Each structure stands twice: as structure tokens, then as C-alpha cells.
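Engineer: In our numbering, the protein residues as written are 8 to 303.
Attaching a single structure in C-alpha cells format; questions to follow.
Structural data, given as C-alpha cells:
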């Protein structure tokens with residue numbers, strides 16, 4: 008029931024085909040004796056096994072569903088962290104030595120002819136600037152896996168969302184994107200780390216803007232259902248293809264030419280450390296909906 012996020016009373020007596028959840032369609036595809044790892048709408052991964060038994064001469068199917076999300080995520084995180092540490096070590100050492108030589112070389116500009124000096128200094132500064140960017144590039148990757156524990160304090164989620172929307176005010180205007188907010192009758196105070204959760208919101212809204220491109224709507228709603236509060240960020244973009252959806256939370260994966268592939272990875276890490284469940288539902292040519300769930 009917790010995995011399907013449906014009340015038990017609704018499930019009893021229903022076939023899988025009658026339950027409108029993405030995981031039920033995947034369960035139906037399993038054959039007797041088959042085991043498969045299935046990804047849900049968020050970043051959860053489940054090992055699902057289908058078998059059967061005889062009951063008074065009738066064959067009855069049953070499913071075993073085992074949560075693998077945390078152990079797989081931790082194994083992946085450890086592997087990525089090790090790779091990034093090695094990369095950062097090599098890159099930082101090389102950049103440190105290179106920048107030292109570049110800055111030393113700049114001192115020779117005074118010995119050059121005036122007509123050559125300007126081009127020389129410009130070329131050297133361009134190279135120094137690019138190496139600094141490379142250093143920051145590696146730091147961004149490392150920071151994803153070095154988040155400090157969240158400083159959980161009671162915060163007004165409505166205020167935080169409105170501040171995030173204000174940051175993108177010029178983007179909304181330039182791209183002709185309409186922003187809609189709806190606050191249903193529920194307590195907006197949530198215990199969270201203001202800086203970390205704010206960064207997660209920024210990344211989610213930024214993705215929504217890029218998914219729309221121009222002329223669309225981003226809807227942000229907070230409400231309560233089955234004693235759980237939720238925050239939904241929905242955009243009217245063209246949706247996400249299946250192959251892309253399967254890799255959205257994979258570090259370094261990006262569909263943008265210059266993307267670093269850490270935006271949703273950072274969102275996942277922040278929400279996991281807060282203990283907030285989330286889901287990302289998107290079908291091609293349909294709106295994309297990112298939902299975060301909070302305890303009441």
C-alpha cells in the first residue's frame with residue numbers, strides 16, 4: 008500500500024489492470040517465476056518477483072516486492088564518489104601547476120613589444136579563466152556527494168516557493184511563461200534546511216522552464232491528501248521520453264549539450280537527506296509533474 012500510495016480498502020478485490028499506477032503495468036508483464044528490478048515514478052527501485060501457489064485446486068498468483076532503492080543508491084554513490092575524488096585530485100593538481108606557470112608567464116609581458124603585449128595578456132588570461140572554470144566544474148560534481156546534514160528548522164514553504172519564483176521573474180517574462188500558485192487549506196510550516204531545499208526548488212523550476220522553452224505555464228500547488236502534505240510543480244512542456252526518464256537521476260546524465268548532469272542528482276540527494284519522498288511523472292507530449300511529500 009505504501010509503495011502504491013493507495014488505501015488498502017481500494018485495493019481489495021481489484022485486478023492489477025484496474026489499479027492506475029505505473030508499477031502495476033510493469034508487474035502485469037512479469038511471467039511466473041520471473042524477477043525484475045522496476046523503477047517507480049520517483050527514483051525508487053524495487054525487486055519484483057511473481058510466483059503462484061495452489062489454493063483448493065486453484066492457481067493463485069502473488070508478488071514479492073523488495074525495496075532496493077537505498078542499498079543500490081548507496082553503492083552507486085560510493086562508486087561515483089570514488090571516481091570523482093580521483094578525477095578531482097588529478098585535475099586540481101594539474102590546474103594548480105598550470106595556473107602557477109601561467110601567472111608567472113604574465114610577468115614577462117612587460118618585456119614584449121607594446122603591439123604584442125595586449126594579445127599576449129589576453130591569451131594568457133583566457134587560458135587562466137578556462138582553467139578556473141574547469142576547477143569549478145569539478146568542484147560542482149564533488150559538492151553533490153559532500154552535502155552536510157540538513158539544518159532542519161520550521162520554515163514557511165509558501166514563502167520559500169514565492170522567493171524561488173521571484174528569482175526567475177525575468178526568465179518568465181522573457182520566455183512568456185505564466186506562473187500559477189495555489190495554496191489549499193494546510194499548514195505551510197515544514198521542517199527543512201532553507202538553503203538546501205531552496206536549491207532543490209531552484210533546480211526543479213529551472214528544469215520546468217527549460218522543458219517549456221517559451222509560451223507555457225508552470226503550476227505550483229501545495230495541499231494535503233490522506234494525511235500527507237504535498238508540493239506539486241507541474242509544467243506544460245512536451246514531456247520526457249521513456250529512455251530519458253530512466254536516467255534522469257543518474258549522475259552526469261544530461262540531455263543538454265553543455266549540461267553537467269548534476270541538477271536532479273543534487274535534488275535527489277537533498278530530498279533523501281530530508282527524508283522527503285518524491286515522484287517525477289512525465290509522459291511524452293504530456294505535462295511533467297514533480298511532487299514532494301511531507302509528513303503532516
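Note that beta-carbon positions come from the ideal geometry of N, C-alpha and C, so glycine has one too.
As the structure is a prediction and not an experimental result, all values here were calculated from the model.
Let's test the definition: count the other Cβ atoms within 10 Å of the Cβ of residue 65 and tell me whether it reaches 16, buried, or not, exposed.
Structural biologist: Result: exposed.
Engineer: What is the C-beta distance between residue 301 and residue 236, in whole angstroms, given that I count them as a contact (C-beta under 8 Å)?
Structural biologist: The pair is a contact, with the Cβ atoms about 4 Å apart (cut-off 8 Å).
Engineer: Here's the rule I'm using: 16 or more other beta-carbon atoms within 10 Å means buried, otherwise exposed. How should residue 200 be labelled?
Structural biologist: Burial call: buried.
Engineer: Return yes when the Cβ of residue 224 is within less than 8 Å of the Cβ of residue 185, no when it is not.
Structural biologist: Going by C-beta atoms, residue 185 is nearer than 8 Å to residue 224.
Engineer: Taking the C-alpha atoms as reference points, what is the distance between residue 125 and residue 95?
Structural biologist: When rounded, the distance between both Cα atoms is 33 Å.
Engineer: Please report the Cβ distance between residue 74 and residue 53, rounded to the nearest whole angstrom; I am assuming they are in contact, meaning their Cβ atoms lie under 8 Å.
Structural biologist: Correct: roughly 6 Å between the Cβ atoms.
Engineer: Taking the alpha carbon of residue 212 as the reference point, which residue from 110, 103, 133, 188 has its own alpha carbon closest?
Structural biologist: Among 110, 103, 133, 188, the Cα nearest to that of residue 212 belongs to 188.
Engineer: Per DSSP, residue 189 forms a beta bridge with which residues?
Structural biologist: According to DSSP, which records beta bridges pairwise, residue 189 is partnered with 228.
Engineer: Given a cut-off of 8 Å, decide if residue 39 and residue 67 are closer than it, judged by their beta-carbon atoms.
Structural biologist: The answer is no: Cβ separation not under 8 Å.
Engineer: Have a look at 230, 128, 142, 168 and flag the residue whose alpha-carbon is nearest the alpha-carbon of residue 103.
Structural biologist: The shortest Cα separation from residue 103 among 230, 128, 142, 168 belongs to 142.
Engineer: On the premise that residue 182 lies in contact with residue 135, defined as a C-beta separation below 8 Å, what is that separation, rounded to the nearest angstrom?
Structural biologist: Contact flag wrong, Cβ pair sits at about 34 Å.
Engineer: Consult DSSP for residue 161 and reduce its assignment to one of helix, strand or coil.
Structural biologist: Note: residue 161 maps to strand in three-state DSSP.
Engineer: Under a three-way DSSP split, which group does residue 26 fall into?
Structural biologist: Coil.
Engineer: Starting from residue 58, trace the beta strand (DSSP E) both ways and give me its first and last residue.
Structural biologist: Run containing residue 58: 52-62, per the beta strand (DSSP E) assignment.
Engineer: Could you check what DSSP says for residue 306 in three-state terms: helix, strand or coil?
Structural biologist: Not covered by the structure: residue 306. The range shown for the chain is 8 to 303.
Engineer: Under 8 Å, do residue 246 and residue 286 count as touching if we go by C-beta distance?
Structural biologist: No. Outside cutoff.
Engineer: Using only the alpha-carbon positions, how far apart do residue 162 and residue 169 sit?
Structural biologist: When rounded, the distance between both Cα atoms is 13 Å.
Engineer: Below 8 Å on the Cβ atoms is my contact criterion, and I expect residue 295 with residue 241 to pass it. Report the Cβ-Cβ distance as a whole number of Å.
Structural biologist: Going by Cβ atoms, the distance from residue 295 to residue 241 rounds to 7 Å, so yes, they are a contact pair.
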